[in-house]
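Residue numbers (the working numbering): 156 to 481. Please read the structure below before turning to the comments.
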Ligand code: G1P
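Shown next as structure tokens:
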């Protein structure tokens, strides 16, 4: 091979066009207090959902949408994340020696997902601050933010739809989901211009205002912000000026509220209303539901698990009937 050929091969296949979304930021610095003691020595992002850590689903989602440059914003006690996405030579050699091709492929997949970078948040000052920690890495292009607690089913293509909206309309794009009004206090909540449902099926709307975790009585709607964002890089300047808000933390929602009201370049916020399958792995009960829902559809385990589950539920129902019989 000539040196010119070597040079040509070492270049990336194609350089990203300015203005396209190529980077994903995954905030992963949270302490996981809702899962203690499971998360005392293990990052919550590493809790398994069937047979993969929760965070791997999120990285796979980013790479499926074409975002192979992933920055994780981590903190103390998160070394397991770096180990998980790194090669594990000894393990690979051992599996190779045993001829265990299947597990070898699974282990390799977790380290071949993209270019994963890490930055530390240092202080737990909120989601807005975590995103601000990505400023140097992201630079001046739009980028995606994926929150690790929210898993979006691989069969639903939310992030791709959001990137398409950013390309068509500019500004920033958030994901919204209708929730029962009594649950809005758990989320950022959006008011939207209902006349702006301009995409045919009414799932793209212009966001007119945002409030972080409102009381149901003050909520502008039942549209909750779920953990996917495509942000204009001008958000960094706004975040740097955003004072602590709800919970005394710098809130991404507050910075986006400024952009929703702005007609400056890079301003404006659209929402994509998601009606697909979302699993919340940040809460113990929802985590259990996520595991069951993904297990019943699992390619290898689904059929056995489903029949066991049906039998288990039948057994529980007849036991309940027996004990209710006078
Ligand atoms: C964060 C955001 C909130 C959003 C939620 C989605 O809150 O601050 O606006 O609705 O994620 O999961 P957290 O759940 O981290 O408290």
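Beta carbons: idealized from backbone N, C-alpha and C, even for Gly. The model shown is predicted, which means the values in this text are computed figures rather than measured ones.
- If you draw a straight line from the Cα of residue 383 to the Cα of residue 301, it comes to about 5 Å.
- Contact fails between the segment 447 to 457 and the segment 385 to 397, because fewer than three Cβ pairs, one in each stretch, are under 8 Å apart.
- Under the three-state reduction of DSSP, residue 454 is assigned to coil, being neither helix nor strand.
- In the structure shown, residue 293 falls within a helical segment according to DSSP collapsed to helix, strand and coil.
- Relative to the non-hydrogen atoms of the ligand G1P, the Cβ of residue 379 comes within a distance shorter than 7 Å of at least one.
- Taking 8 Å as the cut-off, the beta carbon of residue 326 is found no closer than this to the beta carbon of residue 346.
- When the alpha-carbon of residue 230 is set against those of 276, 430, 336, the nearest one is in 276.
- Distance from the CA of residue 180 to the CA of residue 470, rounded to the nearest whole angstrom, comes to 45 Å.
- It is roughly 46 Å from the alpha-carbon of residue 322 to the alpha-carbon of residue 249.
- By the neighbour-count criterion, in which 16 or more other beta carbons inside 10 Å mark a residue as buried, residue 433 falls on the buried side.
- Following the DSSP letters along the chain, one finds residue 328 inside the beta strand (DSSP E) bounded by residues 327 to 333.
- CA-CA distance, residue 423 to residue 245, rounds to 50 Å.
- Leaving aside the five residues that flank residue 371 on each side, the residues in its chain whose CB is nearer than 6 Å to its CB run, in chain order, 336, 337, 339.
- Relative to the ligand G1P, residue 382 has its C-beta within less than 7 Å of a heavy atom.
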